[in-house]
């Protein structure tokens, strides 16, 4: 008997359980606690999955870019992810019972991974999974793969739809990539970095609008704590701040007091809640790198296959999904705490 | 019947439940899930409480400063907080059963608050508590008061002691206050700001060393996600990043891959885990401010009483405590997941 | 927006989430927290599902009975339930990640239910679901249907397999049906009752052997409390007792002290843990009954279709499954609580 | 480092955390999730504690019995338990924040226990605690002591008060002791058994009335499952049934369908929910008994000190308390699941 994952569920009232390996039959999930009567918008889910997969450009980028086949993501798959719903819906409408769904996996070029069987890719979770489990899936990232975020996007998009019926809207977009803020400059930079076989980081900004004053719990489940936890659980995310955030380090109370970051004491004040999160450059680069081998020696490797130059460009769909799950759960907690 | 707080507990295996109002009989907590056989170091708890209370200077500040009675915190109380343990210890050693403790409250100048009964202090939780609960404690912050963090410090210091027996050490310190990084310059700035009746923000840095490789759960309970959640639940904290953090926004994969932020895929790699968190300037300032009244009108107020110029100076003790609770819980989860 | 189910998950460390409606695409579940390295015995699962479905006779009943096509259950389906595993297994061996599985539904004669659309079947959950949700599935029981127990049997059989590797064996059997204890007399009684269009109750006994001394938590998670909770969550179960149970009402301490019911203070003592549970007669009978209509009037109804004369005969597979989930979770909790 | 208790909390929305050892400073608890605005009736709590302590007779027993100083319980203390509230109340009214309370312990004749240091008392948890923890408190039962139920009674009585404001009433009483049902005969039997140095079991019945139709969750948190779990966690409780219960074993569907046990499909139907639970004879008897010694040998012991002849007589207060905690939690879950 060996180690097992202790918890693949997030949420208290609206609970999302994720399952599936990147190279297994399917990835999927169970969304439990969604009220009955919601007509699930499957087109919207397809659209969010396309954004996540790099099959749609981030907002602000010229459409012809994608048409030219360049796309921001070199990893964009030709075929869209297809979601099959197994329960919880009748004629497309939620029953109030658990909604289970799957996205079947397709061939994913295991030969690209074969060469990496005896080496820990720098910046990847190969080393830490080996340390934790004493074993790792040589065919790819398994549960650590970014593929798992597809299930998050399905569940989060349903939660977002519920939120919109309550008047709450969540919108994330790329603020910076490689230090640049203008789409045209980002596009140029990405071509350069791609040619160099390297990768760049970026920042995603997100705004939650229409949040009722009173959302968020006062102590350990503050609005910002729960959103931070959800967003920091996304692969490659390295930081989170909201409102005045890290910029507030050199500001005075008299300046900041009149401003609103959207929450005071962990509870929304009815204004927009705005936050930023930062994604590191993807560690999968084609430049040669020094790497640790499983036998303790060191070697130089090059990682082949399709890789993103900048994962931040695909991240907004996942940031929106995780934020929606966290915020919807807190709104339901607020209702649970209002007994009359 | 009116609204209630839905959750005053944090942790899965090591669970801390906090209770108590700032102007009630006592604040306190119950720490459940601590192994038997730990001799609780009460002197260490006293020391951590003194740091939290502003009765000890942050590391790097000259000792005479405190001796001179100036102290960083104008709010420093004369008398130390006294902890009474009610259960879970026998002859000072943990029994493996719930450890309950209280710190009784002392007189806290309610007359300072009387004038503020009909006004929402800017930047405080007055407004959001009113929105959430439809009622708020006019005598002070109640559960929203920073006083509640005393209970966190007691529980977190016990967790830190357990961690040290496992070889894990957590150390937080002030990195910046008001944009300054040198103690001498910070001291000068604080005097100026205090004279001006204003306040400043700051950054606290924290290092977790000795963490066994393999700590942290792969999906929603990543090391960084759980620490972020715990730290972002501290009053006035506005942001969190780790490893390359927000600085990584303009770096390349080839630069960052060889570095270690202490975790990959949400799991510690055995290196130091380093993070930063930012605290906003305390909203309690003596400068006149425009404020919203409970009847919807606006007024100009001045907040009297003892106030911190920079809460970040007192925050390291609380940051260490919350980090210890999060990390100890994850280490126990890792053991729970290793069935043999 | 309407009511939703708040919790379809059981367990703390080994967690089972159930999903699926009786007349939807599939029923299924996610078993999270199972250690890696277990070769899942699919033949064993098939066998347990056949017992649950009434396709195998309870132990002690002559085999030719089933061969004759009489079977104990008139509801026995011709085709077996087929389980599809979606994740958590590689080459049939558990990966330590969530195991998701489904059993697709087949045609189930919705015409049998059409006539009952405007009536609350006596003894069924029709009335209470209507009261709780304000709506109910006219095609059948939905989540309240006994079909949902198929998912419990799959998960519980995997848990039972893990338990056997720890030396723990769980075995349930029919003790009584309609007050009779001998198979031959039960068989005769069932034929009579079936002819009369009525139904009978029964008692299932279960023994957990090989349980390590020390299993079970002292306070709210006592061994007997957790098993009782799991077993009492089975449809039609009306009571539970263990050890001396209800018979101990008229015994003396001096008599009972030397005996062992398998647990003291909620913790196993290493002896067999034996319990009983009672199942009421299935409320689906073909005799005419008075029933409440949705418009408040009363009518006389007859329930057609295939019905069990005695659900207790099929219950042992479900009792074993729920007991296995509860006991495996407690054994893992015991390990979580033993930090070295 | 040694074993620890993994969970001293019960409930999802209304959560009760228990702490304290029988021979430590105090026993107590934290009740989290109670709505604001409830005036806590301290006299009612005192009365419930007196019933639990055997200082008040069970309903149906002649008052002079107690006046005569005989009392049902030989263990009845002279002085009542005094509850100190530490948080969550202001001027006696709940604030919606965690209610912490303690009952300080008094001297409890540790000399009675000294002689039993090297022996496992038959029928007690001595042996199983030793097996689980590798250590046990030689001064008494520690957390396993019935003293811990005092904290349950305080929390449960507050929950019961909240329930009554919702129109729900819980009432438990002794149905049988030693097989007798008439108070006069029970009294005679108790004197005989006491003289003989033995003990007897008994049955407590409980009725929950006024429960709104729709209370209870359909799957694993059925009304009967959650109440069974709560009640079966009481020391010495060996069984639970509701409605037709174990008597239904030999009844027919046509007989039982028109009856209501108060719940169908795990959800209350608005009728009274009635259940029974059975308590074994207390294992503390003064008759000589064979016992296992810590060194593996066997000896004959007599247990001195004050002992109950029949714990069932004191149990109704605890049964009511645990039922109230379970039912109030389910009612709040039902509200959490009704988002509008």
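Protein chains in written order, with the numbering used here: chain A, 1 to 340; chain B, 1001 to 1340; chain C, 2001 to 2340; chain D, 3001 to 3340.
Even glycine gets a Cβ: it sits at the ideal position worked out from N, Cα and C.
Can you tell me where the beta strand (DSSP E) with residue i in it begins and where it stops?
| i | result |
| --- | --- |
| residue 2290/C | 2289–2293 |
| residue 2277/C | 2273–2279 |
| residue 3254/D | First-last for residue 3254/D: 3253–3256, but that is the alpha helix (DSSP H), not the beta strand (DSSP E). |
| residue 3056/D | Premise fails: residue 3056/D is in no beta strand (DSSP E) and is neither H nor E. |
| residue 15/A | 15–20 |
Does any residue of chain B have a CB that is nearer than 8 Å to the CB of residue i?
| i | result |
| --- | --- |
| residue 3259/D | no |
| residue 2336/C | yes |
| residue 2006/C | no |
| residue 3017/D | yes |
| residue 2158/C | no |
| residue 264/A | yes |
| residue 228/A | yes |
Please confirm if residue i has its CB atom under 8 Å from at least one CB of chain C.
| i | result |
| --- | --- |
| residue 212/A | no |
| residue 3098/D | no |
| residue 3055/D | no |
| residue 2/A | yes |
| residue 1013/B | yes |
Nearest chain D C-beta to residue i closer than 8 Å, yes or no?
| i | result |
| --- | --- |
| residue 232/A | no |
| residue 326/A | no |
| residue 332/A | yes |
How would you call residue i, buried or exposed, if buried means at least 16 neighbouring beta carbons within 10 angstroms?
| i | result |
| --- | --- |
| residue 1035/B | buried |
| residue 2295/C | exposed |
| residue 1149/B | buried |
| residue 1021/B | buried |
| residue 1258/B | exposed |
Does the beta carbon of residue i come closer than 8 Å to any beta carbon on chain A?
| i | result |
| --- | --- |
| residue 2065/C | Residue placement at residue 2065/C cannot be trusted, given a pLDDT of 45 that sits under 50; the coordinates are not used to answer. |
| residue 2076/C | Low confidence applies to residue 2076/C: its pLDDT is 48, below 50, so where it sits in the model is not reliable, and the reading given next is rough at best. No - not a single Cβ of chain A is within 8 Å of the one on residue 2076/C. |
| residue 2303/C | no |
With respect to the alpha helix (DSSP H) encompassing residue i, which residues constitute its N-terminal and C-terminal limits?
| i | result |
| --- | --- |
| residue 1969/C | The structure shown does not extend to residue 1969/C, since chain C spans only 2001 to 2340, so no value can be given for it. |
| residue 2127/C | 2126–2133 |
| residue 1231/B | 1223–1232 |
| residue 2329/C | 2315–2336 |
| residue 3309/D | Element bounds for residue 3309/D: n/a, residue is neither H nor E. |
| residue 2190/C | 2183–2196 |
For a quick check, are the C-beta atoms of residue i and residue j less than 8 Å apart?
| i | j | result |
| --- | --- | --- |
| residue 2238/C | residue 3244/D | yes |
| residue 2038/C | residue 2162/C | yes |
| residue 3084/D | residue 3106/D | no |
| residue 3054/D | residue 2249/C | no |
| residue 3232/D | residue 2225/C | yes |
| residue 3088/D | residue 1019/B | yes |
| residue 204/A | residue 277/A | yes |
| residue 2271/C | residue 2260/C | yes |
| residue 3002/D | residue 3197/D | no |
Who are residue i's beta bridge partners in DSSP?
| i | result |
| --- | --- |
| residue 2169/C | 2209/C |
| residue 3104/D | 3026/D |
| residue 2241/C | 2276/C and 3239/D |
| residue 1094/B | 1089/B |
| residue 267/A | 264/A |
| residue 3039/D | 3093/D |
| residue 1144/B | According to DSSP, which records beta bridges pairwise, residue 1144/B is partnered with nothing at all. |
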